[in-house]
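Undergrad:
Residue numbers (my numbering): 169 to 384.
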């Protein structure tokens, strides 16, 4: 019997990828770097600083900025991203998410968030689902980002569940790899991309049943 659920945020609970893309594209253009939506896909699931490093390397400017300057650039991007999230509401939950969380609560299955987003608490509050989660892993507490399993192990521990007794939900390949490396059962959420290594892949949360997952 699985005893806990661990969720990524972007692409699983809600989709703020378009806002990340707008903010990163604006920052990149200010630095003389042009990125497109295809490149933006490579930023899915990784931290803010790792994303910035990838953009700078893509524009062959990886050695042009000091650590302090890069911190300032990352903050500039995040400030723009937060502005774009101003109107986020429960209407922006992805299909099936609210019903699934309600079902998990009814079955007394604890849930945690394992996201690279430092804005996760604010986003979940705007979506009206913050109270469904027993813990949100602080990305600042991590030594390594996805696909390292650290964030998923910490998420399971935070809700007093052994990783092998948890199910992880992800929409990115790096996340699936991290879930499996943590010893969890991995559910991939994507209607467009095959997530290698997922134990089960669905197009959306509407295809999932808490009771069926418990029985698995």
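Every residue gets a Cβ at the ideal spot worked out from N, C-alpha and C, and that includes glycine. Remember, it's a predicted structure, so these values are computed and weren't measured experimentally.
Straight-line CA distance for residue 278 to residue 212?
TA: 26 Å
Undergrad: Could you pull the DSSP bridge partners for residue 187 from this structure?
TA: In the DSSP output, where bridge partners are listed per residue, residue 187 has none listed.
Undergrad: Out of curiosity, what's the CA-to-CA distance linking residue 324 and residue 281?
TA: 9 Å
Undergrad: Here's a check: name, in chain order, each residue in its chain whose Cβ is nearer than 8 Å to the Cβ of residue 210, leaving out the five neighbours to either side.
TA: 222
Undergrad: Would you report the Cα separation of residue 249 and residue 314, rounded to the nearest angstrom?
TA: CA-CA distance, residue 249 to residue 314, rounds to 21 Å.
Undergrad: Leaving out five residues before and five after residue 264 in sequence, what residues of the same chain have Cβ atoms less than 8 Å from its Cβ?
TA: So the qualifying residues of the chain are 372, 373, 374, 375 and 376.
Undergrad: From residue 184 to residue 341, what does the alpha carbon distance come to, in whole angstroms?
TA: 17 Å
Undergrad: How many Å lie between residue 358 and residue 343 at the Cα?
TA: 12 Å
Undergrad: Closest by CA to residue 332, which one among 347, 275 and 326?
TA: 347
Undergrad: Leaving out the 5 sequence neighbours to the left and right, which residues in its chain are closer than 6 Å to residue 216 when beta-carbon positions are compared?
TA: 242
Undergrad: With a cut-off of 8 Å, do at least 3 Cβ pairs link the segment 286–300 to the segment 251–258?
TA: yes
Undergrad: What runs of the alpha helix (DSSP H), each 4 residues or longer, lie entirely inside the segment 187–247?
TA: 205–209 and 216–226
Undergrad: So residue 232 and residue 338 are in contact, right, with Cβ under 8 Å, and what is the actual spacing, rounded?
TA: Incorrect: roughly 33 Å between the Cβ atoms, too far for contact.
Undergrad: Please report the distance separating the alpha-carbon of residue 326 from that of residue 302.
TA: 8 Å
Undergrad: Mind reading off the beta-carbon distance from residue 261 to residue 181? Whole number of angstroms is fine, and I expect it under 8 Å.
TA: 7 Å
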